Amino acid sequence: MTFMTKILGSAAAVALSAGAALADPALIYDLGGKFDKSFNEAAFNGATRWAEETGGSFRDIELQSEAQREQALRRFAEAGFNPVVTTGFSMSSPIASVAADYPDTKFVTIDGFVDPAEHPNVLSILFSEHEGSYLVGMMAAMASETDTVSFVGGMDIPLIRKFACGYAQGVKAVNPDATVIANMTGTTPAAWNDPVKGSELAKAQISQGSDVIFAAAGGTGLGVLQTAADEGKMAIGVDSNQNYLHPGSMLTSMLKRVDVAVYDSMTAGADLETGVKVLGLADEGVGYALDEHNESLVGAEMKAAVDEARQKIIDGEIMVHDYSADDSCPALDF
Amino acid sequence: MDYAFLLQVLDSTIRLSTPLLLACLAGLFSERSGIIDIGLEGKMLIAAFFSAAIAYSTGSVWMGLLAGIVSAMLLSAVHGLASITFHGNQLISGVALNFLASGLTVLIAQDWFGQGGRTPALLSGGRFSELTLPLAETLRPVPILGPLYAEVISGHSILVYVAFAMVPLTWWILYRTRFGLRLRAVGEAPEAVDTAGVSVAGLRYAAIAIAGVLCGLAGAYLATGLQAGFVREMSAGRGYIALAALIFAKWRPWYALYACLLFGFLQALSLRPDIVEAVLTVSVPVQLLDALPYILTVIILAGFIGKAIPPRAGGDPYIKER
Chain C
4 MTFMTKILGS AAAVALSAGA ALADPALIYD LGGKFDKSFN EAAFNGATRW AEETGGSFRD
64 IELQSEAQRE QALRRFAEAG FNPVVTTGFS MSSPIASVAA DYPDTKFVTI DGFVDPAEHP
124 NVLSILFSEH EGSYLVGMMA AMASETDTVS FVGGMDIPLI RKFACGYAQG VKAVNPDATV
184 IANMTGTTPA AWNDPVKGSE LAKAQISQGS DVIFAAAGGT GLGVLQTAAD EGKMAIGVDS
244 NQNYLHPGSM LTSMLKRVDV AVYDSMTAGA DLETGVKVLG LADEGVGYAL DEHNESLVGA
304 EMKAAVDEAR QKIIDGEIMV HDYSADDSCP ALDF
Chain Y
33 MDYAFLLQVL DSTIRLSTPL LLACLAGLFS ERSGIIDIGL EGKMLIAAFF SAAIAYSTGS
93 VWMGLLAGIV SAMLLSAVHG LASITFHGNQ LISGVALNFL ASGLTVLIAQ DWFGQGGRTP
153 ALLSGGRFSE LTLPLAETLR PVPILGPLYA EVISGHSILV YVAFAMVPLT WWILYRTRFG
213 LRLRAVGEAP EAVDTAGVSV AGLRYAAIAI AGVLCGLAGA YLATGLQAGF VREMSAGRGY
273 IALAALIFAK WRPWYALYAC LLFGFLQALS LRPDIVEAVL TVSVPVQLLD ALPYILTVII
333 LAGFIGKAIP PRAGGDPYIK ER
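Respectively, the protein sequence lines represent chains C and Y.
Mapping the first sequence onto the numbering used here, position 309 (from 1) lands on 312, and the numbers just tick up by one.
Mapping the second sequence onto the numbering used here, position 209 (from 1) lands on 241, and the numbers just tick up by one.
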């Protein structure tokens, strides 16, 4: 028994000292997985950039099921990692239930929201998706020859409506007479992984005259982009830069700089300022992608107009309506 | 609604019905032999993955198709081993196969391609191209029927025509051959078949092997016909809708065709809420259209439109009396 106590005691001491020595950050990916070519991979890239630049190291874990969320948070917090960065809106409620038990650990939820008054050690990072979508909407309207553009959303949730609403406002800003067709894939999580339905939606929209399609639909979006490429129409990707998927038919991608959010959080380390942070155009948190794959589609005129609008949004001259603010959209009916 | 809109919706209907039809016929063979097959979804999914992965590695869509069929047949064999040879519960075995396929595809895809559980996009040689049927363009000027032929009937991948040809073939096998008679008998009264000296297990294995081939075709159509690659969980519940269609069709081949076309038509309509609104003059929630196949199946099961009587021996393992 005494032997056992000794072992346990020394193990606890080791754990404590290890905890004290380690103030490394930790990163928890959402169910999409580390290499999803999109949201989570952007988080990994941000962390890698931080590690390369500072010579620091970080630990990460890919969640395999819903049940692991809280478990992973507790394990990282108990091992002394600080801050614990998480991706995906589904992490906000597990963080809310765990945060109070580890008051010295800082938690970061990217895309999620935890009330800062109740949990002072949590940073919620949100993005102004409507502003980025507004810019790609402008580009869509300028590139369209039929004056009809469209949007394919994944699961019908307020976040995706926020994308659609910003996009429609951007389109109408360039061409008030343009038609914007918006479809959602479904109302269950299966809507994120149904490329076949994405293709059919894209075909239906093309038959209604659309020649630029913005897909904010996860795996479903891959079907949309593929169909647009097959039918010789243009498409707009989302989250990460997806221009390389179909060079020549990808007009641009609406970027959501999850990597920047992760990089900044890790740079701040244990001194991270908590609360709620909204990353918009001014912080380069959202934007549009321009690279060698879409240079030929984005003319100088289009780039100038979009950059001007970007500056105006930052200066507050253009107000882009945020769907999630009042659950309504001036430019689009759902 | 003008004619062009209708043609577009019908065109979409054909594409969306095809995977349902193949899976539904697979379920029909299996259930007519007395083996309930919840695992249609999983077999479709694994076939979708292997057809895309092999088509990508070899550059040949036909090798991909073969790999898809073999993988679906392997899952069928596991189902058979559990439920025919070892008299296990068919529902549990089927559900297990669905989980297995869902996890296995992502795991292998990540290991092989490292792209977050999907395959790289297939190039043109790795995909089924759309066939233009003979005279499609010549007949186009013919009123009504010309555009119908050119737009709706022509211009699909070969698997679509295979799927539709499977319907009369299934009918012929089931109702006009000795094998079909025995297959139907083994689903109703396996002891009678056994008394006649025919192997119950053999017939059931044959039935689920056919089901594996059909699910393989369905999965390959999803990944290499409709899409250019595999995405995790891309079957998106089509195996379950096919099961609903099978009940709706009361386990008969021609009715299966009508049920799948109806369900496909409803799915195609949900893509065009504007048309539905224009025709009905009221706005119908898209969610209602998506849910209609299930609602219709429940109505059928409740006995409002005739009775759906499943094969009598369905779900029971056959144990020889000693």
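From the three backbone atoms N, C-alpha and C, an ideal C-beta is built for every residue, glycine too.
These numbers were taken from a predicted model, which means no experiment stands behind them.
Paired residues, beta bridge with residue i - DSSP
i: residue 63 of chain C; result: C:30
i: residue 291 of chain C; result: C:257
i: residue 133 of chain Y; result: For residue 133 of chain Y, which the question treats as bridged, DSSP gives no partner whatsoever.
i: residue 69 of chain Y; result: Partner(s): none; residue 69 of chain Y has no beta bridge.
i: residue 113 of chain C; result: C:90 and C:128
i: residue 187 of chain C; result: C:156
i: residue 217 of chain C; result: C:154 and C:239
i: residue 282 of chain C; result: C:130
i: residue 182 of chain C; result: C:151
i: residue 188 of chain Y; result: Y:163
Within 7 Å, strictly: CB atoms of residue i and residue j
i: residue 84 of chain C; j: residue 29 of chain C; result: yes
i: residue 80 of chain Y; j: residue 266 of chain Y; result: yes
i: residue 72 of chain Y; j: residue 292 of chain Y; result: no
i: residue 117 of chain C; j: residue 99 of chain C; result: yes
i: residue 76 of chain C; j: residue 34 of chain C; result: no
i: residue 58 of chain Y; j: residue 246 of chain Y; result: yes
i: residue 354 of chain C; j: residue 177 of chain C; result: The question about residue 354 of chain C has no answer, for chain C in this structure spans 4 to 337.
i: residue 101 of chain C; j: residue 268 of chain C; result: no
i: residue 55 of chain Y; j: residue 269 of chain Y; result: no
i: residue 300 of chain Y; j: residue 44 of chain Y; result: yes
i: residue 227 of chain C; j: residue 130 of chain C; result: no
i: residue 38 of chain C; j: residue 146 of chain Y; result: yes
i: residue 100 of chain Y; j: residue 251 of chain Y; result: yes
Closest by C-alpha distance to residue i, when choosing among the options
i: residue 168 of chain Y; options: Y:63, Y:181 and Y:157; result: Y:181
i: residue 283 of chain C; options: C:50, C:197, C:133 and C:78; result: C:133
i: residue 240 of chain Y; options: Y:90, Y:109, Y:35 and Y:303; result: Y:109
i: residue 256 of chain C; options: C:297, C:96, C:120 and C:276; result: C:297
i: residue 1 of chain C; options: C:97, C:61, C:50 and C:243; result: What is shown of chain C runs 4 to 337, which leaves residue 1 of chain C out entirely.
i: residue 2 of chain C; options: C:185, C:193 and C:192; result: Residue 2 of chain C lies beyond the range of chain C shown here (4 to 337); nothing can be said about it.
i: residue 63 of chain Y; options: Y:89, Y:146, Y:274 and Y:162; result: Y:274
i: residue 290 of chain Y; options: Y:271, Y:200, Y:349 and Y:269; result: Y:200
i: residue 175 of chain Y; options: Y:123, Y:208 and Y:35; result: Y:35
i: residue 193 of chain C; options: Y:196, Y:316 and Y:322; result: Y:322
i: residue 192 of chain Y; options: Y:82, Y:89, Y:324 and Y:162; result: Y:162
i: residue 133 of chain Y; options: Y:85, Y:67, Y:237 and Y:77; result: Y:77
i: residue 324 of chain Y; options: Y:303, Y:196, Y:295 and Y:306; result: Y:295
i: residue 219 of chain C; options: C:82, C:181, C:55 and C:162; result: C:162
i: residue 66 of chain Y; options: Y:327, Y:122 and Y:253; result: Y:122
i: residue 155 of chain Y; options: Y:249, Y:313, Y:256 and Y:251; result: Y:256
i: residue 68 of chain Y; options: Y:158, Y:205 and Y:119; result: Y:119
Cβ-based neighbour list, residue i, same chain, cut-off 7 Å, excluding 5 preceding and 5 following
i: residue 312 of chain C; result: 138, 141 and 321
i: residue 214 of chain Y; result: 225, 230 and 235
i: residue 258 of chain Y; result: 47
i: residue 200 of chain C; result: 188 and 223
i: residue 209 of chain C; result: 234 and 236
i: residue 279 of chain Y; result: 329, 332, 333 and 340
i: residue 106 of chain C; result: 124
i: residue 122 of chain C; result: 99, 102 and 103
i: residue 27 of chain C; result: 59, 60, 61, 62 and 84
Beta-carbon proximity list for residue i, same chain, < 6 Å, skipping 5 on both sides
i: residue 128 of chain C; result: 113, 264 and 280
i: residue 326 of chain C; result: 164, 165, 168 and 332
i: residue 42 of chain Y; result: 184
i: residue 147 of chain C; result: 214 and 215
i: residue 232 of chain C; result: 249 and 252
i: residue 350 of chain Y; result: 222 and 232
i: residue 309 of chain Y; result: 315
i: residue 45 of chain C; result: 243, 261 and 262
i: residue 61 of chain Y; result: 239, 242 and 243
Same chain only: Cβ atoms within 8 Å of residue i, ignoring 5 sequence neighbours per side
i: residue 299 of chain C; result: 251
i: residue 95 of chain C; result: 112, 115, 116, 117 and 127
i: residue 191 of chain C; result: 158
Neighbour flag for residue i against chain D, beta carbons, 7 Å
i: residue 157 of chain C; result: As a matter of chain content, chain D is missing from the structure shown, whose protein chains are C and Y.
* Do the region 82 to 95 of chain Y and the region 277 to 287 of chain Y touch if we need at least three Cβ pairs shorter than 8 Å? -> no
* Cβ pair count under 8 Å reaching 3, the region 218 to 233 of chain Y against the region 334 to 346 of chain Y -> yes
* Asked: Given 8 Å as the limit, is there contact between the region 151 to 164 of chain C and the region 211 to 230 of chain C, that is, 3 or more CB pairs closer than that?
  -> yes
* For the region 157 to 172 of chain Y against the region 133 to 149 of chain Y, are there 3 or more C-beta pairs whose distance is under 8 Å? -> no
* How do the region 259 to 277 of chain Y and the region 145 to 158 of chain Y stand: do at least 3 beta-carbon pairs fall below 8 Å, yes or no? -> yes
* May I ask you to verify whether the region 101 to 117 of chain Y touches the region 129 to 136 of chain Y, counting CB pairs closer than 8 Å and requiring at least 3? => yes
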